[in-house]
């Protein structure tokens, strides 16, 4: 398998293939902490995407080339539609000890292994992860899975990389990553939708748009922090706020009559099914 990388090395030799928002967020969490700009190579066909990278002293390129073979960790952060052609363009520069990490939605690790390997001999040093957009402010959560033959050293490297932008959760396989995608990958949009609805409801009841926004955002933030820090289940915290016959009970009765919980479950299920469909489409 080639020389192993020590997870306690002071620097990572990284290549970001695709230099958009998620790659930029990861790099911001790492450069100056886990590696220097000169340890990093950023590749993107879109020149403006590379301007901010160049300012950090990162090596830049517009297409894969021999420089890739010197980078021990490859992070694929391109759109799923172009993933296969991008992987195949990088494949000539793959080394025995290259660790491949993908943050592309809907592309199974098993598909990456096939594309990077030879017929009947898939490349095994592949880790797939699903971060979410709060990673841009260092508050993300990422689900990760590794192919069976990935060793603990490589898992540790992937974990350190993704922990630079938030929390991490390891899961078993590609199907579990689809579930992660449905809960936390797409989840910020569900929360934003709820915030939008709460703001609209506040305005409808006579608050100014700014008052409704401030109250709604602070409520979401405070409730989330309380649920995070409390040893008790969210259901217990909910019951504490709900006095019999009170205002909260009246509101929750409407949520329950409208099938709020089953609706959330259906939405998450639809997202997971779509993740599976994307996997078939793009691989």
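Numbering (the numbering used here), first residue to last: -13 to 269. For each residue, glycine too, the CB sits at the ideal point set by N, CA and C.
Using DSSP with H/G/I as helix, E/B as strand and the rest coil, what is residue 20?
Three-state DSSP puts residue 20 in coil, outside helix and strand.
**Item:** Residues near residue 1 by beta carbon distance below 6 Å, same chain, minus five either side
**Value:** Correct list, in chain order: 27, 54, 57, 60.
With residue 45 as the anchor, note down where its beta strand (DSSP E) starts and where it stops. Going by DSSP, residue 45 is part of the beta strand (DSSP E) stretching over 45 to 47.
- Go ahead and label residue 114 buried or exposed: buried means 16 or more other beta carbons lie within 10 angstroms of its beta carbon, across all protein chains shown. Buried is the label assigned to residue 114, since at least 16 other Cβ atoms lie within 10 Å of its Cβ.
Q | Cα-Cα separation, residue 81 to residue 213 | A | Residue 81 and residue 213: Cα-Cα distance of roughly 45 Å.
query = Which residues in the same chain have their Cβ closer than 6 Å to the Cβ of residue 251, if we skip the five residues on either side of it in sequence?
reply = None.
Starting from residue 166, trace the beta strand (DSSP E) both ways and give me its first and last residue. Boundaries for residue 166: no beta strand (DSSP E) harbours it, while the alpha helix (DSSP H) harbouring it runs 160 to 166, taken from the DSSP string.
request  = Just the C-alpha distance for residue 192 and residue 118, rounded to the nearest angstrom, thanks.
outcome  = Those two C-alpha atoms are separated by around 34 Å.
How many Å lie between residue 294 and residue 15 at the Cα? A question about residue 294 goes unanswered here, because the residues of the chain that appear run from -13 up to 269.
Cβ neighbours of residue -8 in the same chain (closer than 6 Å, five flanking residues each side left out)
With a pLDDT of 45 at residue -8, under the threshold of 50, the modelled position of this residue cannot be trusted, and the question is left open.
For residue 95 versus residue 133, is the C-beta distance shorter than 9 Å?
In this structure, the beta-carbon distance from residue 95 to residue 133 falls below 9 Å.
For residue 107, the residue or residues it bridges with in DSSP: Here residue 107 is bridged, per DSSP, to 104.
ask   = Is it a yes or a no for the stretch 248 to 268 touching the stretch 92 to 110, going by three-plus beta-carbon pairs under 8 Å?
value = Cβ pair count under 8 Å is three or more, so yes.
Residue 154 by DSSP, collapsed to three states: which one?
Of the three classes helix, strand and coil, the one that applies to residue 154 here is strand, per DSSP.
Report task. Note down the Cα distance separating residue 221 from residue 195, rounded to an integer number of angstroms. Result -> In this structure, the straight-line span from the alpha carbon of residue 221 to that of residue 195 is close to 30 Å.
Just how far apart, CA to CA, sit residue 245 and residue 238? Cα to Cα, the separation comes out at about 11 Å.
Residue range of the alpha helix (DSSP H) that includes residue 215:
Residues 195 to 215.
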